[in-house]
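Using full-length UniProt numbering, read the sequence shown as starting at 1 and increasing by one per residue.
The C-beta atom is built at its ideal place from N, Cα and C for all residues, glycine as well.
Structure first, commentary second.
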Amino acid sequence: MLLTTSSSRGGRRGRTAGLGGGHVAQDGQDGQDGRGGQDGRDAPGGQDGRDRRDGRDVQDGRDAPVSARKADRGRARPTCPVDRAADGTWQVHDFAVARALLRGPGTVQAGLGVETVEKLPPRVRRPVLYRDGPEHREHRRQTARYFTPRRVDEHYRELMVRIAEEQLAVLRAAGEAPLSDLAFGLAVGVVSEVVGLRYSRPGLRRRLERFFPEKFGEPGLTSVRGLYWLVRQNTNWLRIHLADVRPAVRAHRGRAHDDLISHLIAEGCSDVEILGECLTFAAAGMVTTREFVCLAAWHLFTDAGLRAHYRSADEAERLAVLQELLRLEPVIGRLRRRATEPVELPCPHGPVTVCPGEYVEVHLDDANADPKAVGEDPLLVRPERAEAVGAGLSFGDGPHRCPGAHIALLETDVFLSRLFALDGVRMNGAPRVAFQEAIDGYEIRGLTVALPRAGRG
Numbered sequence: 001m002l003l004t005t006s007s008s009r010g011g012r013r014g015r016t017a018g019l020g021g022g023h024v025a026q027d028g029q030d031g032q033d034g035r036g037g038q039d040g041r042d043a044p045g046g047q048d049g050r051d052r053r054d055g056r057d058v059q060d061g062r063d064a065p066v067s068a069r070k071a072d073r074g075r076a077r078p079t080c081p082v083d084r085a086a087d088g089t090w091q092v093h094d095f096a097v098a099r100a101l102l103r104g105p106g107t108v109q110a111g112l113g114v115e116t117v118e119k120l121p122p123r124v125r126r127p128v129l130y131r132d133g134p135e136h137r138e139h140r141r142q143t144a145r146y147f148t149p150r151r152v153d154e155h156y157r158e159l160m161v162r163i164a165e166e167q168l169a170v171l172r173a174a175g176e177a178p179l180s181d182l183a184f185g186l187a188v189g190v191v192s193e194v195v196g197l198r199y200s201r202p203g204l205r206r207r208l209e210r211f212f213p214e215k216f217g218e219p220g221l222t223s224v225r226g227l228y229w230l231v232r233q234n235t236n237w238l239r240i241h242l243a244d245v246r247p248a249v250r251a252h253r254g255r256a257h258d259d260l261i262s263h264l265i266a267e268g269c270s271d272v273e274i275l276g277e278c279l280t281f282a283a284a285g286m287v288t289t290r291e292f293v294c295l296a297a298w299h300l301f302t303d304a305g306l307r308a309h310y311r312s313a314d315e316a317e318r319l320a321v322l323q324e325l326l327r328l329e330p331v332i333g334r335l336r337r338r339a340t341e342p343v344e345l346p347c348p349h350g351p352v353t354v355c356p357g358e359y360v361e362v363h364l365d366d367a368n369a370d371p372k373a374v375g376e377d378p379l380l381v382r383p384e385r386a387e388a389v390g391a392g393l394s395f396g397d398g399p400h401r402c403p404g405a406h407i408a409l410l411e412t413d414v415f416l417s418r419l420f421a422l423d424g425v426r427m428n429g430a431p432r433v434a435f436q437e438a439i440d441g442y443e444i445r446g447l448t449v450a451l452p453r454a455g456r457g
């Protein structure tokens, strides 16, 4: 998955989601005992117990589609597969059109902090996320071996189990803990191993939390606030470079490892270029995994049927549940591209042409809910559809499809399957949803998991 913190289009904490109207209770409380329903009872499909009629919500005598989404981005359902925003940006809502655009030629990455990266000196190689064309394809081909399902199973599964147990030991000792903290500890440990950040000084997690804070400001030279964020951003880069990346590079130069940093050293990358790649992977593999773990757990806590199915299922069936939840709730809601040549997009009244230099945004939450692609009731959880559509476009598609998709799903399952095996585990508090506007990515906060006294270590 992809995430960034430096896009000039946003970079600030988004609105708090207005939850309700067929979704979940306004404050996120599907039942304080962690089960669901407005009065603490389990609600079918994770819903809010409203009047139902043949799978639809009854509102003021009118039928409205039911949605199981927790992270409601507050947009009306699109009426056209492709439309245009007031600023001229093309917006794609249709699954087939979105997939064809992401797979096809004629566009390059936009957004995701690319404006900042373009300011780097020409001699500095851009992180792979910000490259396109033959160079990008060759890099992906050479590094694909680090992310194959077989390698993930053989090299990282035991690591995932160990780190998951360490995080659950924290929960047992304390009796309760913020799930976002446990999930971030899991993601940091796994991605550090994949990338090669094994030689860090104590405090890696804290440094990353400072680098990816809940609230962002836009760096600049024209205001006190801009100067503050400029200094803060560069200070955080320097901290991670000195305490994490430089020690890892020194160790890898002394003895080659079978990981990403050794590959980058073999390609002749400088320390600064390796730092950029490490932070890209940190954003893609740590922050987004943390949010999805919390979102998936929220669904499982508030849907008794889904929770029972997940607990009794084998690994393949559990992964299908997670893929379906990710299809329904993509962590990143929007991917942005810039056209480098005329690109034709089909519309009901005839194709439209995106001209070179124009921008296109793929709305993943809309595309993933396209009934033509995913079937009936696209806003409900149906794990059986994962066999055909997987996670939809939540990992992207085409040359920039997330290489760590299997890692993200497996580590989430390793952790959640053990969390929900704990006797009496429950959700406390009222989860809050906000959005990082640059990528329309959700942030889940306030979800605390707790154990009864008998289940504590």
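Going residue by residue through the region 96–170, where are the continuous beta strand (DSSP E) segments of at least 3 residues, counting only ones entirely within it? 107–110
Quick one, which of ALA100, VAL360, ASP258 has its alpha-carbon nearest ASP87's? VAL360
With 16 as the cutoff for other CB atoms within 10 Å, does ILE444 come out buried or exposed? buried
Tell me whether ILE444 sits in a helix, a strand or coil according to DSSP, three-state version. strand
By a C-beta neighbour count over all protein chains shown, 10 Å radius and 16 as the cutoff for buried, is LYS372 buried or exposed? exposed
Span separating the alpha-carbon of ALA434 from that of PRO342: 36 Å
Assuming ALA339 contacts THR89 (C-beta within less than 8 Å), just tell me the rounded distance between them. Actually they do not touch by this definition, with Cβ atoms about 11 Å apart.
Considering only residues of the same chain and omitting the five flanking positions on each side of LEU322, which have a CB-CB separation below 7 Å? ALA296, LEU409, THR412, ASP413
If you run the structure through DSSP and keep just helix, strand and coil, what is HIS363? strand
By DSSP, does GLU176 sit in helix, in strand, or in coil? strand
Using the rule of at least 16 other Cβ atoms within 10 Å of the residue's Cβ for burial, across every protein chain shown, is CYS80 buried or exposed? exposed
Taking the beta carbon of GLN142 as the centre, do at least 16 other beta carbons fall within 10 Å, making it buried, or is it exposed? exposed
Sequence-distant residues of its chain with Cβ nearer than 6 Å to LEU197 (five each side left out): ASP244, ALA248
Residues in its own chain within less than 6 Å of ASP440 by CB, not counting five upstream and five downstream? GLY333, ARG334
Which partner residues does TRP90 have in the DSSP bridge list? ARG84, VAL360
Here's a check: name, in chain order, each residue in its chain whose Cβ is nearer than 8 Å to the Cβ of residue 460, leaving out the five neighbours to either side. Outside the shown range of the chain, which is 1 to 457, sits residue 460, and nothing can be said about it.
Helix, strand or coil: which one does DSSP assign to ILE435? Here the sequence assigns Phe to residue 435, which means Ile is not the residue at that position. PHE435: strand per DSSP, three-state reduction.
Specify the secondary structure class of THR280 as computed by DSSP and reduced to three states. helix
Compare the beta carbon distance of PRO330 and LEU364 with 8 Å and say whether it is the shorter of the two. yes
Measure the alpha-carbon distance for ARG126 versus ILE274 and round it to whole angstroms. 10 Å
For LEU409, the first and last residue of its enclosing alpha helix (DSSP H): 405–419
Using only alpha-carbon positions, find the residue among ALA438, ASP314, ALA386, HIS349 that is nearest to LEU328. ALA386
Taking all protein chains shown into account, decide if ARG131 is buried (16 or more other Cβ within 10 angstroms of its Cβ) or exposed. buried
Test item: CB-CB of ALA85 and VAL92 under 8 Å: no
Only counting the same chain, and skipping five residues up and downstream in sequence, which positions put a Cβ closer than 8 Å to that of SER192? ARG198, SER200, LEU204
With a CB to CB cut of under 7 Å and the five nearest residues on each side skipped, what residues in its chain are close to HIS257? GLY196
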